[in-house]
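This report concerns only the one structure given below.
Protein chains: 2
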Amino acid sequence: MAQSLPKDQSTEQRILHAAKTVFYRKGLGGARMEEIAREAGINKALLHYYFRNKEQLFERIFLEAFEQLLPQMTAILAQDLPLEQKVQQISDFYNEMLLETPLLPVFVLNYVQSDPEALTKRMISVNASKLMSHLTEQLAQETKAGRIRDVAPQQLIINLLALCVFPYAMKPIVTRLFHMSEDDFRGFSESRKQVVPEVIMAYLKP
Amino acid sequence: MAQSLPKDQSTEQRILHAAKTVFYRKGLGGARMEEIAREAGINKALLHYYFRNKEQLFERIFLEAFEQLLPQMTAILAQDLPLEQKVQQISDFYNEMLLETPLLPVFVLNYVQSDPEALTKRMISVNASKLMSHLTEQLAQETKAGRIRDVAPQQLIINLLALCVFPYAMKPIVTRLFHMSEDDFRGFSESRKQVVPEVIMAYLKP
DNA sequence: GTCTATAATTTGATAGAC
DNA sequence: GTCTATCAAATTATAGAC
């Protein structure tokens, strides 16, 4: 615990940061403990001293990543706000977060796809029942008031998530396809903040 | 299971099919040659007899997968058709193809993300210049004619691809989130064929 | 073409000194 | 807490018989 460096990160913190870097890029199967250790500036033995094994270290990284993906959207949707504001908040949140962590979506999706029990064994219940009923009710009200047309809540959620997340999942392809520099992509990301709500609200327009 | 069937697939075909199954699910790093051999009903030695090493086998699978992702859309967009029909064709194509091969998107995206040179070293030029100029012109015409509003071609392409592909990239999460059976998901996929063009055309509406 | 057996590496994990 | 050295298991790849 007693770390000599006052302002520097603790060894555990550096390990977690290194693990994130390597796991995000290579996945569980492709990542090497050796590489994580090197990235953290230590050796394998010390890595195993902090985290008994690879699985345990991965678990830590994966859960934190997953938490940033779905729950954030459900949290915003659960608020008591006009629909349009929710959509804007979600768009802002994802586009800002994923500009900083563009590897996160594919990292999560890849592991979920590779391990059929990735979600079940962690009781990631994705407690959507309450959320869905809340959203369904809000949509019904807005529809009744004639402010939006009648659409399925599931389709809305999927569309919203797709428009927010997918551009980052394909970042390497997007940048190559459109000959974007890192700066270009930042501008693109910024523009998505407006485009996503535009698309969603146009879709909802009566 | 002796494979003495005359019209049955050749050994090479069965290997490729097995490799697809395993690579799609586990990725390059997570896949085991042993598992591919078992899936193909042969042993490792014979696997190496047909494909010298893992990389070479993977290359074959990856390139075929990538070809199904982007080029199909560009091919449809390059046709001489009204915009709305193109969008519908693209929606139909992806939703039908990905219902059968839902693991494909994450497989491709994961490898592209894991290897920074995945695209460059294969001169996957993604020759979009010609496509982009063609699409840009069509959008300009439709805009001038007052049939659609003025939107950036890049945003349109990304939106279209996101709406088509992302639901399958998140299939495990979607099914869990909405408590869908395989049959439910088939219905969901079918409904996407209409939803995607609805969203896109609403976005384009003046 | 297909197999068994085995070589050659890689890699996750541990032992033990400091 | 951190390191060096090393083990044990897993995994890719090859040799050689049939």
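The listed protein sequences derive, respectively, from chains A and B.
If you want my numbering, it's the 1-based position in the first sequence plus 1313.
If you want my numbering, it's the 1-based position in the second sequence plus 1313.
Even glycine gets a Cβ: it sits at the ideal position worked out from N, Cα and C.
Determine, using beta carbons only, whether B:V1335 and B:I1355 come nearer to each other than 8 angstroms. Cβ distance not < 8 angstroms, so B:V1335 and B:I1355 don't count as in contact.
Residue burial classification, A:Y1362 (beta-carbon count within 10 angstroms, cutoff 16): Exposed, since its Cβ has fewer than 16 Cβ neighbours within 10 Å.
What are the start and end residues of the alpha helix (DSSP H) that includes B:T1334? B:T1334 -> alpha helix (DSSP H) spans 1324-1343.
How would you list, in chain order, the residues of chain A whose beta-carbon sits under 8 angstroms from the beta-carbon of B:E1511? Chain A residues near B:E1511: Y1516.
Tell me the residue span of the alpha helix (DSSP H) that contains A:A1482. Residue range 1466-1482 is occupied by the alpha helix (DSSP H) that includes A:A1482.
Any C-beta of chain B sitting closer than 8 angstroms to the C-beta of A:P1480? At a cut-off of 8 angstroms, the C-beta of A:P1480 has a neighbouring C-beta in chain B.
Does the pairing of the segment 1471-1488 of chain A with the segment 1413-1423 of chain A give three or more beta-carbon distances under 8 angstroms? Output reads yes: the segment 1413-1423 of chain A touches the segment 1471-1488 of chain A.
Please state whether the Cβ-Cβ distance between A:A1353 and A:I1328 is less than 8 angstroms. Contact check for A:A1353 against A:I1328 passes: the beta carbons are separated by less than 8 angstroms.
Neighbour-count burial assignment, B:N1366, 16 or more Cβ in a 10 Å radius: Taking every protein chain shown into account, the CB of B:N1366 has fewer than 16 other CB atoms within 10 angstroms, so this residue is exposed.
Nearest neighbour of A:A1465, chosen from B:K1443, B:D1321, B:F1501, B:Q1467 [CA to CA]: The shortest Cα separation from A:A1465 among B:K1443, B:D1321, B:F1501, B:Q1467 belongs to B:F1501.
How about B:Q1468: is its C-beta nearer than 8 angstroms to some C-beta of chain A? Interface with chain A (8 angstroms Cβ-Cβ cutoff): B:Q1468 is included.
Using a beta-carbon distance cut-off of less than 7 angstroms, what residues from the segment 1413-1426 of chain A approach chain B? Within the segment 1413-1426 of chain A, contact with chain B at the beta-carbon level (separation under 7 angstroms) is assigned to L1416, V1419, L1422, N1423, V1425, Q1426.
Could you tell me the distance, in whole angstroms, from the CA atom of B:E1368 to the CA atom of A:R1338? In a straight line, the C-alpha of B:E1368 is about 18 angstroms away from that of A:R1338.
Mapping DSSP to helix, strand and coil, what is B:N1458? According to the sequence as given, residue 1458 of chain B is Ala; it is not Asn. Looking at B:A1458 - three-state DSSP - the assignment turns out to be coil, as it is neither helix nor strand.
Under 8 angstroms (Cβ pairs) to chain B, residues found in the segment 1328-1344 of chain A: Against chain B - using a Cβ distance shorter than 8 angstroms - the residues of the segment 1328-1344 of chain A are R1338, K1339, G1340, L1341, G1342, G1343, A1344.
Give the residues of chain B in contact with A:P1485, contact being defined as C-beta atoms less than 9 angstroms apart. What A:P1485 touches in chain B: L1422, V1425, Q1426, P1429, A1431, L1432.
Cβ-Cβ separation, A:M1514 to A:E1409 (assumed contact under 8 angstroms), whole Å: Not a contact, Cβ separation roughly 20 angstroms.
A:L1318 by DSSP, collapsed to three states: which one? Residue placement at A:L1318 cannot be trusted, given a pLDDT of 35 that sits under 50; what the coordinates show is reported in the next sentence. Look at A:L1318 here: in three-state DSSP terms it is coil, with no helix or strand label.
With the cut-off set at 8 angstroms, would you say A:I1486 and B:V1425 are in Cβ contact? Yes.
Would you please verify whether the beta carbon of B:A1475 is less than 8 angstroms from any beta carbon of chain A? Yes, because at least one Cβ of chain A sits closer than 8 angstroms to the Cβ of B:A1475.
Smallest Cα separation from A:R1435: which of B:I1470, B:K1457, B:R1489, B:E1455? The residue with the shortest Cα to Cα distance from A:R1435 is B:R1489.
Contacts of A:V1400 in chain B (Cβ-Cβ under 7 angstroms): Chain B residues near A:V1400: none, gap ~13 angstroms exceeds 7 angstroms.
Backbone secondary structure at A:L1444 - three-state DSSP: Assigned with DSSP and collapsed to three states, A:L1444 falls in helix.
Per-residue contacts from B:N1472 into chain A (C-beta, under 7 angstroms): Chain A residues near B:N1472: L1476, V1512.
So what's A:G1500 in DSSP terms, helix, strand or just coil? A:G1500 falls in the helix class under three-state DSSP.
Alpha carbon of B:M1493 to alpha carbon of B:D1393, nearest angstrom: One Cα belongs to B:M1493, the other to B:D1393, and the distance between them is close to 39 angstroms.
Nearest by alpha-carbon distance to B:L1360: which of B:F1375, B:S1323, B:P1384, B:L1383 is it? Considering only B:F1375, B:S1323, B:P1384, B:L1383, the residue with the shortest C-alpha distance to B:L1360 is B:S1323.
Alpha carbon to alpha carbon, what distance is there between B:P1519 and B:A1458? Between B:A1458 and B:P1519, the C-alpha separation is close to 11 angstroms.
From which residue to which residue does the alpha helix (DSSP H) around A:F1375 run? Membership of A:F1375 in the alpha helix (DSSP H) is indicated by the continuous run 1367-1390.
What are the boundary residues of the alpha helix (DSSP H) that B:F1406 is part of? From DSSP, the alpha helix (DSSP H) with B:F1406 extends over 1396-1413.
Secondary structure at A:P1429, three-state DSSP: helix, strand or coil? In the structure shown, A:P1429 sits in coil (DSSP, three-state: anything other than H, G, I, E or B).
A:L1360 by DSSP, collapsed to three states: which one? Helix, per DSSP.
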